[in-house]
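Enquirer: Going by this note's numbering, the sequence shown opens with residue 14, and the numbers climb by one from there.
Supplied in structure tokens, the structure appears directly below.
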Amino acid sequence: MDMTFKGAAKRLDDIDLPKLGALIGVGEDELHAFIDVETRGSGFDPQGRPIILFERHKFYQYVPAAKRTQAVNAGLANKTPGGYGKESEQYGKLLKAIAIDRQAALYSCSWGLAQVMGFNHKLAGYDTVEAMVAAFMADEEAHLQAAVTFILNTHIDDELRAHNWAGFAFGYNGANYRINAYDTKLAEAYRKWSRIKDTPQAAPPAPAKPTPAPKPATPPDASQRLPPPAAKQGFWAKLFAFILKLLGRKGK
14 MDMTFKGAAK RLDDIDLPKL GALIGVGEDE LHAFIDVETR GSGFDPQGRP IILFERHKFY
74 QYVPAAKRTQ AVNAGLANKT PGGYGKESEQ YGKLLKAIAI DRQAALYSCS WGLAQVMGFN
134 HKLAGYDTVE AMVAAFMADE EAHLQAAVTF ILNTHIDDEL RAHNWAGFAF GYNGANYRIN
194 AYDTKLAEAY RKWSRIKDTP QAAPPAPAKP TPAPKPATPP DASQRLPPPA AKQGFWAKLF
254 AFILKLLGRK GK
């Protein structure tokens, strides 16, 4: 995996939202609201890296016990949440944490457009956290696909379809969702997007016109039939001459 965390950084296509929303029975308004609240609508930072949030309490949880003191002394691990810092500081923290323990560091970040936690990679459809991060470096569609897979695997798609924002917020962000009024923000964002016209679905291509069958050949006109073969023409000429000869003799 590229340790610059830079890949193709492809943005969402217009069709990605309705296409992925259909997998869980929601429209693009619900997904727009979800994305707005998680990352303000962008999955990449100005340098083209997936947006992350390094969470020190998760690093404390996942770093091996033998390395925990080192992580705490470096200011990268703590039992309690908080101390997130600025967005511009997140990759600096991640790289320092990787120097202590690579997997624990990747596990301890929320990644991309939908802020999927690294330790949730299996629920998001990836065998390893590194595979998930590599996919996220390439394309925002992978970010949203991972979120949709997580929503399905944690059975909170019902809450999203019903616009039960508190229930969805609890399932996606945990019991502390109330601290940041996550449910209220979702409801407000949904109201905003529901007033905006949805992306039109692309019309399917028109079927190709069938090639007309060739017309049957016109049979030759009887009046234009070929003359009889030369051999037959000679026989009748000789017969006619012989008859004339006989008639001539009788007339003498």
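The C-beta atom is built at its ideal place from N, Cα and C for all residues, glycine as well.
Note that the coordinates shown come from a computational prediction; the quantities given were computed from them, not determined experimentally.
1. Given alanine 46, which residues of its chain have a CB within under 6 Å of its CB, disregarding the five upstream and five downstream residues?
2. Tell me the DSSP secondary structure of methionine 145 in three-state form.
3. With C-beta atoms as the reference, is glycine 187 less than 9 Å away from isoleucine 169?
4. Tell me whether alanine 219 sits in a helix, a strand or coil according to DSSP, three-state version.
5. According to the Cβ coordinates, are histidine 156 and leucine 126 closer than 9 Å?
6. Counting along the chain, where does the beta strand (DSSP E) carrying serine 123 start and finish?
7. Between which two residues does the alpha helix (DSSP H) holding leucine 66 run?
8. Quick one, which of Arg69, Ala151, Ile164 and Gly184 has its alpha-carbon nearest isoleucine 37's?
9. Within 10 angstroms of the Cβ of tyrosine 97, are there 16 or more other Cβ atoms? Answer buried if so, exposed if not.
10. Short of 8 Å in beta carbon distance, which residues of its chain neighbour glutamine 60, apart from the five on each side in sequence? Order them along the chain.
11. Which residues does DSSP pair with aspartate 171 in a beta bridge?
12. Glycine 138 and threonine 162 look like a contact to me (Cβ under 8 Å); what is the Cβ gap, rounded to whole Å?
13. Put methionine 150 into one of helix, strand or coil per three-state DSSP.
14. Where tyrosine 73 and alanine 110 are concerned, what is the direct C-alpha to C-alpha distance, given to the nearest angstrom?
15. Do you know whose CA, among Asp49, Val146 and Ala22, lies nearest tyrosine 195's CA?
16. List the whole-angstrom C-beta distance separating phenylalanine 132 from tyrosine 190, where the pair is believed to meet the contact cut-off of C-beta under 8 Å.
17. According to DSSP, simplified to helix, strand and coil, what is valine 76?
18. Distance check for methionine 145 and alanine 78, CA to CA, integer angstroms please.
19. Taking only the alpha-carbon atoms, compute the straight-line gap between threonine 141 and alanine 117 and give it to the nearest angstrom.
Expert: On the basis of the coordinates in this document:
1. For alanine 46, where only same-chain residues beyond five positions count, the Cβ hits under 6 Å are Leu199, Ala202, Tyr203 and Trp206.
2. Helix.
3. Note that the C-beta distance between glycine 187 and isoleucine 169 is not below 9 Å.
4. With a pLDDT of 45 at alanine 219, under the threshold of 50, the predicted position of this residue should be treated as unreliable, though the coordinate-derived value follows. Note: alanine 219 maps to coil in three-state DSSP.
5. The answer is yes: Cβ separation under 9 Å.
6. Note, serine 123: beta strand (DSSP E), 122-124.
7. Annotation: leucine 66 is outside any alpha helix (DSSP H); the continuous beta strand (DSSP E) that includes it extends over 65-67.
8. Looking at the Cα atoms, Ile164 is the closest of the given residues.
9. If you draw a 10 Å sphere on the C-beta of tyrosine 97, you find fewer than 16 other C-beta atoms in it, and that means exposed.
10. Result list for glutamine 60: Lys19, in chain order.
11. Paired residues: none, contrary to the question.
12. The C-beta separation of glycine 138 from threonine 162 comes to about 4 Å, placing the pair in contact by the 8 Å criterion.
13. The answer is helix: DSSP assigns methionine 150 an H, G or I state.
14. The straight-line gap from Cα to Cα measures roughly 11 Å.
15. The shortest CA-to-CA distance from tyrosine 195 to any of Asp49, Val146 and Ala22 is the one to Asp49.
16. In fact, because the Cβ distance is near 18 Å, the residues do not count as touching under 8 Å.
17. Of the three classes helix, strand and coil, the one that applies to valine 76 here is coil, per DSSP.
18. For the pair alanine 78 and methionine 145, the Cα-to-Cα distance works out to about 25 Å.
19. The C-alpha of alanine 117 is placed about 12 Å away from the C-alpha of threonine 141.
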